[in-house]
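**Student:** Residue numbers (this note's numbering), protein chains in the order written: chain A, 1 to 337; chain B, 1 to 337; chain C, 1 to 337; chain D, 1 to 337.
Virtual Cβ for every residue (Gly too), placed ideally from N, Cα, C.
Quantities reported herein were computed from a predicted structural model and do not represent experimental measurements.
I'd like to ask some things about the structure below.
Number of protein chains: 4
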Amino acid sequence: MIIVLSPNAPADSAERLLGRIKDAGLQPLHMPGTERVVLGALGDERILAELALDSDPDVESVKPILAPYKLVSRELHPHDTVVDVGGVPVGGSALAVIAGPCAVETQDQLFASAKAAQDSGATILRAGAYKPRTSPYGFSGHGPAGLTILREVADDLGMPVVTEVMDTADIDAVADHADALQIGARNMQNFALLRAVGAAGRPVLLKRGPAAKIEEWLLAAEYLMAAGNDQVILCERGIRTFETATRNTLDLNAVPYVKSKTHLPIVVDPSHGTGIRDLVPPMALAGVACGADGLMVEVHCNPPKALSDGAQSLFPAQFAELMRTLRPVAAAVGRTL
Amino acid sequence: MIIVLSPNAPADSAERLLGRIKDAGLQPLHMPGTERVVLGALGDERILAELALDSDPDVESVKPILAPYKLVSRELHPHDTVVDVGGVPVGGSALAVIAGPCAVETQDQLFASAKAAQDSGATILRAGAYKPRTSPYGFSGHGPAGLTILREVADDLGMPVVTEVMDTADIDAVADHADALQIGARNMQNFALLRAVGAAGRPVLLKRGPAAKIEEWLLAAEYLMAAGNDQVILCERGIRTFETATRNTLDLNAVPYVKSKTHLPIVVDPSHGTGIRDLVPPMALAGVACGADGLMVEVHCNPPKALSDGAQSLFPAQFAELMRTLRPVAAAVGRTL
Amino acid sequence: MIIVLSPNAPADSAERLLGRIKDAGLQPLHMPGTERVVLGALGDERILAELALDSDPDVESVKPILAPYKLVSRELHPHDTVVDVGGVPVGGSALAVIAGPCAVETQDQLFASAKAAQDSGATILRAGAYKPRTSPYGFSGHGPAGLTILREVADDLGMPVVTEVMDTADIDAVADHADALQIGARNMQNFALLRAVGAAGRPVLLKRGPAAKIEEWLLAAEYLMAAGNDQVILCERGIRTFETATRNTLDLNAVPYVKSKTHLPIVVDPSHGTGIRDLVPPMALAGVACGADGLMVEVHCNPPKALSDGAQSLFPAQFAELMRTLRPVAAAVGRTL
Amino acid sequence: MIIVLSPNAPADSAERLLGRIKDAGLQPLHMPGTERVVLGALGDERILAELALDSDPDVESVKPILAPYKLVSRELHPHDTVVDVGGVPVGGSALAVIAGPCAVETQDQLFASAKAAQDSGATILRAGAYKPRTSPYGFSGHGPAGLTILREVADDLGMPVVTEVMDTADIDAVADHADALQIGARNMQNFALLRAVGAAGRPVLLKRGPAAKIEEWLLAAEYLMAAGNDQVILCERGIRTFETATRNTLDLNAVPYVKSKTHLPIVVDPSHGTGIRDLVPPMALAGVACGADGLMVEVHCNPPKALSDGAQSLFPAQFAELMRTLRPVAAAVGRTL
């Protein structure tokens with residue numbers, strides 16, 4: 001429920017109403033607004049109705065939040081959220097460029113890959129210490145040792161870092177080493193993980209599941225926000241369709257659609273979205289052209305030797321060229337790089 | 001690698017060869033066979049090659065396991081596995097009928113639903129204490145209290161019980177109360193959960209993810225088996241397609257296909273597979289007709305009052321009628337009920 | 001609009017009302033009913049409203065047809081339609097078994113294949129003289145010469161025949177040689193073809209398009225019926241999904257769903273629905289178990305030599321075995337074979 | 001088969017070899033090349049092998065065309081094809097902007113819509129006289145009368161026009177009135193139509209089918225080219241997926257992928273690709289950013305009154321704004337508008 005106070009409501013009316021909402025067992029929300037005081041209340045619709053807030057003398061209007069997601073919705077929070085990842089803003093006019101190898105393999109491999117990415121303009125480092133793999137016999141990351149390397153390289157280069165967490169049992173360790181936690185596509189509806197990561201006090205990058213409708217994705221973000229975390233970045237990384245020429249079908253429709261429904265920032269991952277190195281640069285340009293707040297790109301110092309995702313990882317020179325061609329496109333849509 | 005010993009190999013050759021395999025850092029497997037002694041070896045292909053087992057005098061032939069899944073494959077294990085769920089076999093000639101409500105709501109609701117199911121022929125009880133819900137505001141189960149009710153009702157009726165576990169942190173509690181653990185569709189590629197459940201010492205029912213290819217599903221089962229669990233039941237519950245008339249598209253093609261590829265039993269869940277109560281009985285018959293080893297059906301004592309999945313839950317009388325019509329179909333394909 | 005007359009309406013009231021409907025520029029329908037006289041009216045909803053049929057003294061009630069398809073809907077026509085294909089009923093208690101090779105290759109090949117199918121119980125012959133092929137360089141059928149062979153073999157064996165027509169220009173030729181015309185999956189929304197075939201005066205077998213929602217499929221059938229043809233058979237042959245282990249995903253959910261929505265008969269094609277020979281028999285059983293009115297199966301006298309669809313064509317002995325195992329399943333669901 | 005002649009092959013060797021190819025019953029192709037003489041041969045692989053062209057003294061090398069499509073492939077024809085639509089090039093550095101209403105409704109509606117589109121920069125007019133509609137009761141276009149209006153308006157404004165043809169029987173009439181013929185998405189595998197349109201002597205715009213893999217789409221284009229037409233424009237208009245928030249999922253991955261495989265130009269239709277007016281402009285920018293050779297956009301003088309596709313048609317002011325924002329994006333990727 002969104003509650004707009006009357007222009008001449010007394011100064012303490014917001015606090016009074018939030019108290020009434022809380023006393024009824026509902027979740028009260030204070031929503032920053034420039035012109036009017038706007039409050040929110042989440043919970044059982046029948047209790048909300050019994051409160052009869054619309055007949056309170058200080059209330060001008062009450063309207064329901066129509067979307068199934070509430071905290072995530074632009075109805076409740078009209079202004080864009082800017083997420084701070086270790087000092088780098090994601091969501092404002094400057095594009096966020098998250099780059100790095102699929103996995104932490106060795107200190108040298110990570111440093112070389114990260115340095116190359118940073119030299120070309122990447123502002124946030126990505127690399128996995130815990131890797132979800134379809135087969136139990138695939139390389140699944142170095143775990144804690146990978147986290148240590150990741151932090152060291154990030155600190156050496158002065159880059160904040162985002163990395164995936166796959167198990168509630170690992171959240172503390174990952175949060176100790178990373179500036180933002182990633183929920184992978186296959187865990188988008190791992191609700192236990194969402195609740196626990198939401199409570200971990202770190203920004204979260206939430207990848208869209210390969211079979212997730214946009215509404216389900218925003219409800220997964222709602223899990224994070226409902227657990228107290230308002231620093232959520234969405235990441236479109238392709239959906240599963242009948243097309244087999246590409247690894248996934250990058251659903252760029254989702255970018256402007258999501259931006260119309262939520263205040264959260266969205267970045268595009270053309271690496272997983274295509275699975276083919278040569279398609280990454282054009283799809284990165286396309287993602288920015290349709291309004292993404294940033295990119296997440298796999299760059300490896302030596303892709304043919306990569307332990308995972310080599311086929312979709314850019315060579316450093318390709319990434320440098322991508323950044324060069326991206327600049328005028330970003331400018332054309334009013335973004336800086 | 002599958003290693004077939006010579007007919008005249010000495011009695012201790014199996015042990016000797018398994019020792020060589022183990023010493024090389026590979027996983028040795030002793031595979032029961034009626035005519036020949038057959039061994040298996042899993043691990044790095046190059047090390048396997050170096051062992052040169054095919055030149056061992058006691059070895060008749062060595063062939064690779066072509067499927068990406070190994071322990072799950074019929075190549076390695078030609079005979080059907082029968083899983084024992086608290087004394088009820090799943091996978092033999094008798095069909096397993098797993099039934100019960102979506103969720104544990106109250107002791108009375110569960111008892112009434114389970115009793116009705118059992119009276120009509122259900123042999124294993126299902127009900128969720130932990131419910132994955134798309135929205136954080138949906139009913140997500142009673143957790144530990146639900147487990148207690150579940151065990152009590154199951155014991156009262158003398159039924160074994162299967163129930164979902166969603167978080168590695170809950171595995172012990174669920175394993176203490178249930179005869180088999182369910183991995184839900186949305187967690188099919190929650191690899192941390194798969195590894196931990198695989199090590200929990202309980203039979204596992206592994207639902208197919210809504211966007212999982214059959215090969216990925218069998219690889220998820222491989223995670224369970226690689227963690228030491230050979231008591232795995234597969235459950236086809238519908239995939240996500242463009243069709244919106246039904247909740248999911250029940251992929252019955254998967255039943256005979258899976259049975260040709262793996263020795264593990266497979267059951268069909270027509271409740272989630274259709275999402276529409278009236279479609280459950282015909283699709284249950286179809287599932288059995290094409291070779292499923294059992295069914296998993298939602299039955300609720302009062303579906304219109306169900307806290308979740310009411311639209312796809314059968315009324316007790318519908319379930320009774322389903323069991324009645326199922327009997328001749330089962331007989332027609334050589335199964336008992 | 002469905003118009004139910006009062007029990008005591010005069011005998012000529014139906015005629016009078018149909019006249020009013022026709023004069024208003026709408027399509028009048030006389031619907032056979034055992035207890036009440038029921039009329040239908042199709043056309044512009046506003047004109048229907050202006051007619052105010054519900055205030056006519058002989059009318060008991062007027063209700064809209066909610067489905068977007070009208071003539072196809074069970075709302076308008078509650079009783080099952082039985083289509084007559086050259087003397088063989090499709091839609092009654094006896095299962096229709098349509099079998100034969102993918103394509104007419106030679107007189108010998110067709111005769112051998114058809115004879116084998118008939119000997120095992122097939123009642124209608126299928127084979128294509130015009131073959132839709134993904135590549136322009138594939139074998140696309142013998143055209144008119146194929147039609148001649150098809151008719152000769154069918155007459156020799158005393159079987160009616162169904163064959164595909166792909167072009168409005170060929171309808172007359174095909175209708176001269178076949179007992180029923182098939183609209184192929186890729187032409188399901190070839191609306192020019194639907195209109196012309198609907199007017200051709202032959203029963204039609206309408207395959208579901210690989211990406212067609214059930215509602216779109218029923219609307220394609222509505223095209224046929226709106227063109228004056230009430231002899232329409234639906235054929236589920238699999239939809240396109242992300243799964244690549246099988247050629248298509250046979251959507252058997254569609255069988256009971258379609259039967260609840262329409263009076264038209266539905267048959268299942270497990271050959272295209274799976275694309276894999278060994279999956280055809282179990283899926284044929286499943287199709288019958290969930291309520292299909294018949295089967296359409298590819299049988300070839302020598303599948304490895306087939307010019308098209310060899311991998312999914314049954315050997316004659318496999319088809320014979322399928323018919324043998326089908327009999328008790330059919331009996332179990334109250335159908336005869 | 002691609003045949004490269006030796007640098008010192010005599011001048012008449014090409015003619016001689018083409019003669020040998022033709023005499024063997026194969027299709028000979030003379031492919032323009034700047035440095036070397038390159039020939040092609042299409043047909044039965046075994047006959048090609050028997051010709052033993054690689055042992056001809058004037059031949060340097062012979063290599064197979066690996067793609068299933070041949071004439072369409074870049075292997076055979078490395079340079080970009082530029083299609084001429086009534087004087088407007090599609091495929092060069094200048095972006096083609098095809099715009100207009102979904103359907104020809106009236107002369108006034110078409111003129112107002114086309115004029116607005118042209119004033120903002122559209123270079124080719126689109127509008128349908130024959131409209132494929134899911135329901136037989138929908139507005140299906142004015143047919144021949146619509147063609148007349150279309151031609152008149154196009155001539156008044158000096159714009160070439162592209163319009164859909166749905167039936168082989170209508171091809172002559174449509175070709176008489178249009179500068180290019182459109183094959184609609186639902187007819188992409190209407191092979192009779194493809195063959196006939198391929199022979200009609202007009203450029204063709206071939207929409208991708210909603211469930212067509214890229215390879216199938218290129219094979220549909222091969223049908224057109226094999227029928228003698230080398231003026232083919234591909235149009236990506238969205239595919240059918242599980243996502244229901246948008247009408248289709250615009251598959252922009254297909255743009256750079258297709259351009260790597262074929263020499264044919266490709267345009268993007270963000271109107272059908274999204275189905276939502278407000279998503280059209282950002283997706284148009286994205287389409288150009290990833291390399292499309294043009295756009296196809298629905299613009300209507302009064303979308304709320306449109307007889308079809310109103311929800312996805314731009315208001316004239318929106319289209320003007322789109323053209324304004326498109327200009328710098330086009331420039332950023334080296335295209336002119």
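Just how far apart, CA to CA, sit residue 90(C) and residue 42(B)?
**Tutor:** By one-based count along the third sequence, residue 90(C) stands at place 90. By one-based count along the second sequence, residue 42(B) stands at place 42. The alpha-carbon atoms of residue 90(C) and residue 42(B) are separated by roughly 54 Å.
**Student:** Verify the CB distance criterion: does residue 243(C) have a CB-CB separation below 7 Å to chain B?
**Tutor:** In the third sequence, counting from the first residue as 1, residue 243(C) sits at position 243. So yes, residue 243(C) belongs to the interface.
**Student:** Buried or exposed for residue 45(D), please, with buried defined as at least 16 other CB atoms from any protein chain shown within 10 angstroms of its CB.
**Tutor:** Taking the first residue of the fourth sequence as position 1, residue 45(D) is located at position 45. Residue 45(D) is exposed by the Cβ-count criterion.
**Student:** Helix, strand or coil for residue 177(B) per DSSP?
**Tutor:** Mapped onto the second sequence, residue 177(B) falls at position 177. Correct three-state label for residue 177(B): helix.
**Student:** Nearest chain B C-beta to residue 329(C) closer than 7 Å, yes or no?
**Tutor:** Position 329 of the third sequence holds residue 329(C). Yes, residue 329(C) counts as interfacial toward chain B.
**Student:** Would you mind working out which of 297(B), 254(B), 292(B) and 286(B) sits nearest residue 275(B), comparing C-alpha positions?
**Tutor:** On the second sequence, residue 275(B) is found 275 positions in, with the first residue counted as 1. Here the closest residue by C-alpha is 297(B).
**Student:** Excluding the 5 residues preceding and the 5 following residue 118(B) in the sequence, name in chain order all residues of the same chain whose CB lies nearer than 7 Å to its CB.
**Tutor:** Against the second sequence, residue 118(B) aligns to sequence position 118. Excluding sequence neighbours, residue 118(B) sits near 157 and 159.
**Student:** Between the Cα of residue 106(D) and those of 151(D), 76(D), 68(D) and 84(D), spot the shortest distance and give me the residue it belongs to.
**Tutor:** Position 106 of the fourth sequence, counted from the first residue, corresponds to residue 106(D). It is 151(D) whose Cα lies nearest to the Cα of residue 106(D).
**Student:** For residue 101(C), which of helix, strand or coil comes out of DSSP?
**Tutor:** Taking the first residue of the third sequence as position 1, residue 101(C) is located at position 101. Coil.
**Student:** Give the straight-line distance between the Cα atoms of residue 312(C) and residue 212(D), rounded to the nearest whole angstrom.
**Tutor:** Working through the third sequence from its first residue, we reach residue 312(C) at position 312. Working through the fourth sequence from its first residue, we reach residue 212(D) at position 212. Computed Cα separation, rounded: 21 Å.
**Student:** On a Cα-Cα basis, can you pick out the residue from 77(B), 266(B), 195(B) and 191(B) that is closest to residue 40(B)?
**Tutor:** As a first step, residue 40(B) is located in the second sequence; it is residue number 40 there, counting from the start. Ranking 77(B), 266(B), 195(B) and 191(B) by Cα distance to residue 40(B) puts 77(B) first.
**Student:** Would you mind reading off the limits of the alpha helix (DSSP H) that contains residue 272(A)?
**Tutor:** Locating residue 272(A) in the first sequence gives position 272, where the first residue counts as 1. Segment 270 to 274, the alpha helix (DSSP H) holding residue 272(A).
**Student:** Please decide whether residue 240(D) counts as near chain B, where near means a Cβ-Cβ distance under 7 Å.
**Tutor:** For the purposes of this step, residue 240(D) is taken as residue 240 along the fourth sequence, with counting starting at 1. Yes - at least one Cβ of chain B is within 7 Å of the one on residue 240(D).
**Student:** Which residues, in chain order, does the stretch 69 to 80 of chain C contribute to contact with chain B at a C-beta distance below 7 Å?
**Tutor:** Result list empty, no residue passes.
**Student:** Give the residues of chain A in contact with residue 278(D), contact being defined as C-beta atoms less than 8 Å apart.
**Tutor:** Taking the first residue of the fourth sequence as position 1, residue 278(D) is located at position 278. Per Cβ cutoff of 8 Å: 256 and 260.
**Student:** Give the interface partners of residue 166(A) over in chain B, defined as CB-CB distance under 8 Å, in chain order.
**Tutor:** Within the first sequence, numbered from 1, the residue matching residue 166(A) stands at position 166. Residues of chain B passing the Cβ test: 190, 191 and 192.
**Student:** Within 10 angstroms of its Cβ, does residue 35(B) collect 16 or more other Cβ (buried), or is it exposed?
**Tutor:** Taking the second sequence and counting its residues from 1, one reaches residue 35(B) at position 35. Residue 35(B) should be labelled exposed.
**Student:** In three-state terms, what does DSSP make of residue 56(C)?
**Tutor:** Within the third sequence, the letter at position 56 stands for residue 56(C). Three-state DSSP puts residue 56(C) in coil, outside helix and strand.
**Student:** Relative to the C-alpha of residue 13(D), which residue among 52(D), 172(D), 334(D) and 37(D) is closest?
**Tutor:** Start at 1 with the first residue of the fourth sequence, and residue 13(D) comes out as number 13. Ranking 52(D), 172(D), 334(D) and 37(D) by Cα distance to residue 13(D) puts 37(D) first.
**Student:** For residue 101(A) and residue 127(A), I'd like the C-alpha separation in whole angstroms.
**Tutor:** Taking the first residue of the first sequence as position 1, residue 101(A) is located at position 101. Taking the first residue of the first sequence as position 1, residue 127(A) is located at position 127. Their Cα atoms are separated by approximately 5 Å.
**Student:** Curious, which full-length alpha helix (DSSP H) runs of at least 4 residues does the stretch 161 to 243 of chain B contain?
**Tutor:** 171 to 177, 191 to 198 and 214 to 226, all fully within the stretch 161 to 243 of chain B.
**Student:** Would you mind sorting residue 408(B) into buried or exposed? The rule is 16 or more other CB atoms within 10 Å of its CB.
**Tutor:** In the structure as shown, chain B starts at 1 and stops at 337, and residue 408(B) therefore has no counterpart that could be examined.
**Student:** Are the CB atoms of residue 233(B) and residue 83(B) nearer to each other than 7 Å?
**Tutor:** Working through the second sequence from its first residue, we reach residue 233(B) at position 233. Working through the second sequence from its first residue, we reach residue 83(B) at position 83. Result yes, Cβ atoms of residue 233(B) and residue 83(B) sit closer than 7 Å.
**Student:** Taking only beta-carbon positions, decide if residue 134(A) is within less than 7 Å of chain B.
**Tutor:** The residue given as residue 134(A) occupies position 134 in the first sequence. Closer than 7 Å to some Cβ of chain B, the Cβ of residue 134(A) qualifies, so yes.
**Student:** Using the Cα positions of residue 197(C) and residue 168(C), report the straight-line distance between them to the nearest angstrom.
**Tutor:** Within the third sequence, the letter at position 197 stands for residue 197(C). Within the third sequence, the letter at position 168 stands for residue 168(C). Roughly 8 Å separates the two Cα atoms.
**Student:** Measuring CB atoms only, is the stretch 179 to 192 of chain D touching the stretch 186 to 196 of chain C, in the sense that at least three cross pairs come out at less than 8 Å?
**Tutor:** Touching, yes.
**Student:** Where residue 278(D) and residue 69(C) are concerned, what is the direct C-alpha to C-alpha distance, given to the nearest angstrom?
**Tutor:** Counting from 1 along the fourth sequence, the entry for residue 278(D) is found at position 278. Counting from 1 along the third sequence, the entry for residue 69(C) is found at position 69. Near 31 Å, if we compare the C-alpha coordinates of residue 69(C) and residue 278(D).
**Student:** So if DSSP puts residue 262(B) in a beta bridge, which residue, or which two residues, is it bridged to?
**Tutor:** Here residue 262(B) is taken as the residue at index 262 of the second sequence, counted from 1. Answer is 73(B).
**Student:** Let me see if you follow: with CB-CB separation under 7 Å, is residue 316(C) close to chain D or not?
**Tutor:** To locate residue 316(C), count along the third sequence from 1; it is residue 316. Taking Cβ atoms only, chain D never reaches closer than 7 Å to residue 316(C), which makes this a no.
**Student:** With which residues is residue 294(D) paired in a DSSP beta bridge?
**Tutor:** As a first step, residue 294(D) is located in the fourth sequence; it is residue number 294 there, counting from the start. Residue 294(D) is bridged to 96(D) and 267(D).
**Student:** Consult DSSP for residue 84(D) and reduce its assignment to one of helix, strand or coil.
**Tutor:** To locate residue 84(D), count along the fourth sequence from 1; it is residue 84. If DSSP states are grouped into helix, strand and coil, residue 84(D) belongs with the strands.
**Student:** Measuring straight from C-alpha to C-alpha, what distance separates residue 145(B) and residue 129(B)?
**Tutor:** Counting from one through the second sequence, the residue named residue 145(B) turns up at place 145. Counting from one through the second sequence, the residue named residue 129(B) turns up at place 129. Whole-angstrom Cα-Cα distance: 8 Å.
**Student:** Whole angstroms are fine: how far does the CA of residue 287(B) sit from the CA of residue 302(B)?
**Tutor:** Taking the second sequence and counting its residues from 1, one reaches residue 302(B) at position 302. Taking the second sequence and counting its residues from 1, one reaches residue 287(B) at position 287. Whole-angstrom Cα-Cα distance: 25 Å.
**Student:** Taking CB distances under 7 Å as the criterion, tell me whether residue 213(A) reaches chain D.
**Tutor:** Here the question's residue 213(A) lines up with position 213 in the first sequence. Yes, because at least one Cβ of chain D sits closer than 7 Å to the Cβ of residue 213(A).
**Student:** Would you call the CB atoms of residue 242(C) and residue 208(A) closer than 7 Å?
**Tutor:** As a first step, residue 242(C) is located in the third sequence; it is residue number 242 there, counting from the start. As a first step, residue 208(A) is located in the first sequence; it is residue number 208 there, counting from the start. Not closer than 7 Å, so no.
**Student:** Quick one: give me the first and last residue of the beta strand (DSSP E) that residue 311(B) is part of.
**Tutor:** Locating residue 311(B) in the second sequence gives position 311, where the first residue counts as 1. Premise fails: residue 311(B) is in no beta strand (DSSP E) and is neither H nor E.
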